[in-house]
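Peer 1: Mind looking over this structure? Questions follow.
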Amino acid sequence: MYQGIECKIYPNEKQRQLIHMTFGHTRFIWNEMLAMLNARYENNPDLQMLSYNVLSSLIPQMKKEYS
4 MYQGIECKIY
14 PNEKQRQLIH
24 MTFGHTRFIW
34 NEMLAMLNAR
44 YENNPDLQML
54 SYNVLSSLIP
64 QMKKEYS
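Start counting the sequence shown at 4; every next residue gets the next number (the numbering used here).
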């Protein structure tokens with residue numbers, strides 16, 4: 004059985020901006036990783052999918068590239 008807690012937050016303007024910025028960065032990383040995996044699959048469908056560890060090791064490199 005799954006349980007959860009629902010709560011409502013009331014961020015101030017600065018916190019709201021930080022939340023939106025964080026979601027934007029998360030969405031960007033997700034889309035970049037998805038595009039990379041799709042391109043990799045289109046180029047060679049026989050290759051294995053990359054693991055979580057491999058993908059998460061790419062994040063610092065992307066951080067340097069897009070900063």
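Cβ coordinates follow ideal geometry from the N, Cα and C atoms, glycine included.
Using a Cβ distance threshold of 8 Å, determine whether the stretch 25 to 45 contacts the stretch 53 to 66, with at least three qualifying pairs required.
Peer 2: Result yes; three or more Cβ-Cβ pairs closer than 8 Å.
Peer 1: Quick one: give me the first and last residue of the alpha helix (DSSP H) that Lys11 is part of.
Peer 2: Lys11 -> no alpha helix (DSSP H), and no H or E assigned at all.
Peer 1: Considering Asn46, what are the terminal residues of the alpha helix (DSSP H) in which it resides?
Peer 2: Counting along the chain, the alpha helix (DSSP H) containing Asn46 begins and ends at Glu16 to Asn46.
Peer 1: Return the first residue and the last residue of the alpha helix (DSSP H) that Tyr69 is part of.
Peer 2: Here the alpha helix (DSSP H) through Tyr69 covers Tyr55 to Tyr69.
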